[in-house]
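What follows is a short report on a single structure.
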């Protein structure tokens, strides 16, 4: 499972980090969320929930 964040639409609300902090983190410089390098979305089991909770649909999950 692969996950990415559309940096153009992300508003940095932190919902994804709150739900799935093993995969997502906030980049303080950009003020937006990003995927933690090397994070295993499949093993974490929370990527789909994070994507569904994103208020601007910036999280893309590919199976």
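In UniProt numbering, the protein residues as written are 1 to 63.
Note that CB positions come from ideal geometry on N, CA and C, so glycine has one too.
Predicted, not measured: the structure shown is a model, and the values here were computed from it.
- For residue 10 and residue 43, the gap between their C-alpha atoms comes out near 24 Å.
- In the three-state scheme derived from DSSP, where H, G and I count as helix and E and B as strand, residue 23 is classed as coil.
- For residue 40 and residue 55, the gap between their C-alpha atoms comes out near 23 Å.
- Beta-bridge partners assigned by DSSP to residue 18: none are found.
- The beta carbon of residue 15 sits closer than 8 Å to the beta carbons of 50, 53, 54, 55 from its chain, once the five residues preceding and following it are set aside; these are given in chain order.
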